[in-house]
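Enquirer: Using this note's numbering, the first residue of the sequence shown is number 218, and each one after it goes up by one. One structure follows; several queries about it will come next.
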Amino acid sequence: GLTAAAELAKLGHDVTIFEALHAPGGVLMYGIPEFRMPKEIVMNEVNYVESLGVKVETDVIIGKTITLDELFKMGFDAVFLGTGAGLPQFLGVPGENLCGIYSANEFLIRVNLMKAYRFPEYDTPIKVGKKVIVIGGGNVAMDAARSALRLGGEVTVIYRRTEKEMPARREEIENAKEEGIKFIFLATPVRFLGDEHGWVKKVECIRMKLGEPDETGRRRPIPIENSEFSVDAETVIIAIGQRPNPVAVRDDGRIKVTKHGTIIVNPETYETTMKGVFAAGDIVTGNATVISAMGASKKAAQGIHKFLIEGK
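Right, here's the structure in full:
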């Protein structure tokens, strides 16, 4: 969103950013830990975008606080959706609603926006027990694991394939290992067990073996019978992927989406199937890097510029 806004402002357009949370900056602010990207850098970028004349309004959820139709009635000529893929996926196993179990998305938002990394100066509403289990093998899982480590947890990552198949960048995996994070490969949770107060205490897992490749090209993990085992846990962070939140496009089906919930756009202009509405980033591609989202947003800004100067 910041990238598209800056590009459009430089092209001479009046731009307003609507941010769902209470601080601008999007995933750069709430998704990426302080040790990887200091928040001062993000705020410098926000300040730069504002210096171009871009207005920023926080605590506005498009599709809930304001609908797309209302934006056009307010006088906006085009809308860019850069809301990312922020809806967490869960395992769907028994005990997943126990206290002490977080999605990586919620965990990182609480840590980053509520400054849990500066405890005890900031005492945030997040409980990190001594034994922390992170489920998943992507970059978000590594960010969550390394953040939990900095909050005093003994962290173990559980991943259902081998280390070779982990989608996280090799650098992130090596950094996690160097910091003392442990890994259990070829395993997946089958249920979470809690105490009498409803707090998670154990993760019951099953060993896996790799079968034939799936649609991603990676070998499909298959459970091994009678291979169950348990690990102690006081905090569990589930980082098995995210998908786009449908709230912005749920009104009437004018914006077409794929079966995965990502928005279908014209690959050249980035316009959606609703006239005047454009989209780019994870909301179009699914989970990807910030760099790729920024690149797509620049192209989308050019598509919006062309749409506006050619009279729609």
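Even glycine gets a Cβ: it sits at the ideal position worked out from N, Cα and C.
Kindly indicate which residue of M246, E396, P311 has the alpha-carbon position closest to the one of E407.
Expert: One detail in the question is off: residue 407 reads as Val in this sequence, not Glu. Minimum Cα distance to V407 is reached at P311.
Enquirer: On the three-state DSSP scale, how would you describe F178?
Expert: Since the displayed the chain opens at 218 and closes at 529, residue 178 lies outside it and no answer follows.
Enquirer: Pick helix, strand or coil for V277, following the three-state DSSP scheme.
Expert: Coil.
Enquirer: Whole angstroms are fine: how far does the CA of G218 sit from the CA of F289?
Expert: Spanning the two alpha carbons is a distance of roughly 18 Å.
Enquirer: Go ahead and label M383 buried or exposed: buried means 16 or more other beta carbons lie within 10 angstroms of its beta carbon, across all protein chains shown.
Expert: Per the 10 Å Cβ criterion, buried.
Enquirer: Less than 8 Å between C-beta atoms, sequence neighbours within five positions excluded: which residues of the same chain meet that for R437?
Expert: For R437, where only same-chain residues beyond five positions count, the Cβ hits under 8 Å are L427, G428, E429, P430, D431.
Enquirer: Thinking C-alpha only, which one of G355, V357, R363, N356 is nearest V349?
Expert: Considering only alpha carbons, the answer is R363.
Enquirer: Return the residue from the list I480, A393, L228, N322 that minimises the CA-CA distance to F252.
Expert: Nearest option by C-alpha distance: A393.
Enquirer: Measure from the alpha carbon of V328 to the alpha carbon of each residue in I521, I454, G478, N462, then state which is nearest.
Expert: For the residues I521, I454, G478, N462, the minimum Cα distance to V328 belongs to I454.
Enquirer: Does the region 259-275 come within contact of the region 304-319, defined as at least 3 CB pairs closer than 8 Å?
Expert: They do not touch, by the three-pair rule.
Enquirer: Taking C-alpha atoms, which residue in D294, S320, V296 lies nearest to Q306?
Expert: For Q306, the nearest C-alpha among the options comes from S320.
Enquirer: Quick test of your reading: L308 and V494, contact by CB under 8 Å. State the CB separation rounded to the nearest angstrom.
Expert: Not really, about 34 Å apart at Cβ, beyond 8 Å.
Enquirer: Considering Cα atoms alone, identify which of L366, G415, G411, A358 is closest to E389.
Expert: Checking every option, the nearest Cα to that of E389 belongs to A358.
Enquirer: For the beta strand (DSSP E) that contains T405, what are its first and last residues?
Expert: First-last of the beta strand (DSSP E) with T405: 404-411.
Enquirer: In whole angstroms, give me the CA-to-CA distance for G478 and N462.
Expert: Using only the alpha carbons, I get a separation of about 8 Å.
Enquirer: Give the list of continuous alpha helix (DSSP H) stretches no shorter than 4 residues that lie fully inside the region 376-453.
Expert: List check, alpha helix (DSSP H) in window: 387-395.
Enquirer: According to DSSP, simplified to helix, strand and coil, what is I481?
Expert: Coil, per DSSP.
Enquirer: So what's V349 in DSSP terms, helix, strand or just coil?
Expert: In this structure, V349 counts as strand in the three-state DSSP scheme.
Enquirer: For the 8 Å Cβ check, are there 3 or more pairs between the region 407-419 and the region 442-449?
Expert: Taking 8 Å as the limit for Cβ pairs, the verdict is that the region 442-449 does touch the region 407-419.
Enquirer: How about A465 and I279: are their beta carbons less than 9 Å apart?
Expert: It is a contact, given that the beta carbons lie within the stated cut-off.
Enquirer: Tell whether a beta-carbon distance below 9 Å holds between T489 and K473.
Expert: Their beta carbons are under 9 Å apart, which means T489 touches K473 by this criterion.
Enquirer: To test your reading of the DSSP string, which unbroken alpha helix (DSSP H) runs of 4 or more residues are found completely within the region 242-269?
Expert: Counting only runs of 4 or more, we get 244-247, 256-268.
Enquirer: Measuring alpha carbon to alpha carbon, tell me which residue in K347, V372, R367, A295 is nearest G353.
Expert: Per the Cα distances, V372.
Enquirer: Could you tell me the alpha carbon to alpha carbon distance between V351 and I375, rounded to whole angstroms?
Expert: Cα to Cα, the separation comes out at about 6 Å.
Enquirer: To the nearest angstrom, report how far apart R386 and Q519 are at their CA atoms.
Expert: Roughly 31 Å separates the two Cα atoms.
Enquirer: Going by DSSP in three states, A358 sits in which element: helix, strand or coil?
Expert: It is helical.
Enquirer: For I249, count neighbouring C-beta atoms within 10 Å of its own C-beta (all shown protein chains included) and say buried if the count is 16 or more, exposed if not.
Expert: Looking at its Cβ environment, which holds 16 or more other Cβ atoms inside 10 Å, I249 is buried.
Enquirer: Pull up the distance between the alpha-carbon of V403 and that of T486, whole angstroms please.
Expert: Going by the sequence as given, residue 403 is Leu instead of Val. Straight-line Cα distance between these residues: approximately 42 Å.
Enquirer: For T405, count neighbouring C-beta atoms within 10 Å of its own C-beta (all shown protein chains included) and say buried if the count is 16 or more, exposed if not.
Expert: By the neighbour-count rule (16 or more Cβ atoms within 10 Å), T405 is buried.
Enquirer: Can you check which of these residues, K381, S268, V244, I234, is closest to E323 by C-alpha distance?
Expert: Minimum Cα distance to E323 is reached at V244.
Enquirer: Please determine, among A517, V501, H230, I326, the residue with the shortest C-alpha to C-alpha distance to A535.
Expert: For the chain, the structure presents residues 218 to 529; residue 535 sits outside this window and is missing.
Enquirer: Looking at C-alpha atoms only, which residue of Y265, A365, G242 is the closest neighbour of A226?
Expert: Checked all of Y265, A365, G242; the closest Cα to A226 is Y265.
Enquirer: Identify which residue in T379, I283, R460 has its Cα closest to the Cα of T502.
Expert: For the residues T379, I283, R460, the minimum Cα distance to T502 belongs to R460.
Enquirer: May I ask you to list the residues that DSSP assigns as paired with T233?
Expert: DSSP lists K272 as partners of T233.
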